[in-house]
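Colleague: Have a look at this one.
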Amino acid sequence: RQSYDNQPYGRVPEILSAAMYPKGHPYSWSVIGSMDDLSAASEEDVKSFFRLYYAPNNATLAVVGDFDPAQAKAWIQKYFADLPKGQPVQRPNVALGKLEASKRLVYEDRVQVPRLYIQWPTVGFKNDERYALGMMAAILSGPRTARLTKALVFDSQKASQVSAFQSSAEDVGVFQVTVIPRPESSLTELEAAVDQVIQKFISEGPTAEELQKAKSGLELNFLRGLESNLGKAEELINGSQFFNDPARFKTNYQKT
531 RQSYDNQPYG
541 RVPEILSAAM
551 YPKGHPYSWS
561 VIGSMDDLSA
571 ASEEDVKSFF
581 RLYYAPNNAT
591 LAVVGDFDPA
601 QAKAWIQKYF
611 ADLPKGQPVQ
621 RPNVALGKLE
631 ASKRLVYEDR
641 VQVPRLYIQW
651 PTVGFKNDER
661 YALGMMAAIL
671 SGPRTARLTK
681 ALVFDSQKAS
691 QVSAFQSSAE
701 DVGVFQVTVI
711 PRPESSLTEL
721 EAAVDQVIQK
731 FISEGPTAEE
741 LQKAKSGLEL
751 NFLRGLESNL
761 GKAEELINGS
771 QFFNDPARFK
781 TNYQKT
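By our numbering, the letter at position 143 of the sequence shown is numbered 673, and the numbering carries on one by one without gaps.
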C-alpha cells in the first residue's frame, strides 16, 4: 500500500505489467503481489514461501569494503554455515513479451498533473540488445540536446519533463518514455510529438556526436555506481546470480 496505492502514479507499473503480458505470465503482476493475494495468504503460505525462496541455496552473499578476508570467512562460517539448505527452486522458462497490437489505457486518479506513458516490450538482463536500447534512451532523453528533451521541453515547450529508459529484469524488459505536460498541452499532441521524434530517429539513426555523448554519459554513470560499497556489491551479486561470474562487471563495463 505504501509503494503502490499510497503513491502518486504508484499503480502505473502494476497496470502496465498487466497490459504488457498475457494473463498468467510471471511478469504480468508486481513482485509483491496484489492486496487480494496478500490478504488471502495464510500463515503457512507465508512460511512455505520463505522456506523455499529465502534459503541459502537461493541466495548470494557479497562482502565489500576494507576487511580481513580470513576474518570475514570465519564470521560467514559462524553465522551462516548451520542454515539448512532448502528445496531446489524450479526456475520457469519465461517467454519474451510480445504485443499483437497497440493498447491504449486511461487511468484516472487523484493526482495534480496528468502523465503520458509509452512502453514497448524488450529484452531481459542476459540479452546484449539491452546495451543498445540503453544507448538509445540516453540519446532520446537527459541533457538539453537529447532529442525528446530538446523537442518537447525546450523547442516547443509542450512538456515540463521527459524521460526515456530501458529496464531489464532477468527474463524480459521494457523500454518506456514518460512525458509530463505543461498545463496548456494535451497528452494527445505530446504522443504525436514523441512519435515524430522516434520515427525520425528510426529512419535516420544516431549521429556520431550523439553516440559519443551517450557513451560518455553511460560510462560515467556506470563508474559512479561503483563508487559506493553497495554499488560494488550489487555488481558482484548480479554477475554471480545471472552469469555465474562475479567479475562480470568488467564485461558490462566494456559493453556499456
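Note that the Cβ used here is the ideal one computed from N, Cα and C, for glycine as well.
No experiment lies behind these values; they were computed from the predicted model shown.
Suppose you measure from the CA of Gly616 to the CA of Gly627; what does that come to, to the nearest Å?
Modeller: Approximately 31 Å, taken between the alpha carbons.
Colleague: Mark Leu670 as exposed unless 16 or more other C-beta atoms lie within 10 angstroms of its C-beta, in which case mark it buried.
Modeller: So Leu670 ends up on the buried side.
Colleague: Thinking C-beta only, is Ala602 closer than 8 Å to Val593?
Modeller: Yes, these two residues count as a Cβ contact at 8 Å.
Colleague: Could you tell me which residues DSSP pairs with Gln696 in its beta bridges?
Modeller: Paired residues: Phe705.
Colleague: If you follow the alpha helix (DSSP H) that Pro622 is part of, which residue opens it and which one closes it?
Modeller: Per DSSP, Pro622 belongs to no alpha helix (DSSP H) and is neither H nor E.
Colleague: Rank Pro711, Met665, Asp612 and Tyr583 by C-alpha distance to the C-alpha of Ala738 and give the top, closest one.
Modeller: The residue with the shortest Cα to Cα distance from Ala738 is Met665.
Colleague: Could you tell me if Asn768 is buried or exposed, where buried requires 16 or more neighbouring beta carbons within 10 angstroms of its beta carbon?
Modeller: So Asn768 counts as buried.
Colleague: For the candidate residues Asn774, Tyr783, Ala763 and Pro538, whose alpha-carbon lies nearest to that of Arg645?
Modeller: Among Asn774, Tyr783, Ala763 and Pro538, the Cα nearest to that of Arg645 belongs to Pro538.
Colleague: So what does Leu626 bridge to, in DSSP terms?
Modeller: Answer is none; Leu626 lacks a bridge partner.
Colleague: Once DSSP output is grouped into helix, strand and coil, what is the label at Leu591?
Modeller: Leu591: coil per DSSP, three-state reduction.
Colleague: In terms of residue numbering, what span does the beta strand (DSSP E) encompassing Tyr647 cover?
Modeller: Per DSSP, Tyr647 belongs to the beta strand (DSSP E) from Leu646 to Val653.
Colleague: Mapping DSSP to helix, strand and coil, what is Gln687?
Modeller: Gln687: coil per DSSP, three-state reduction.
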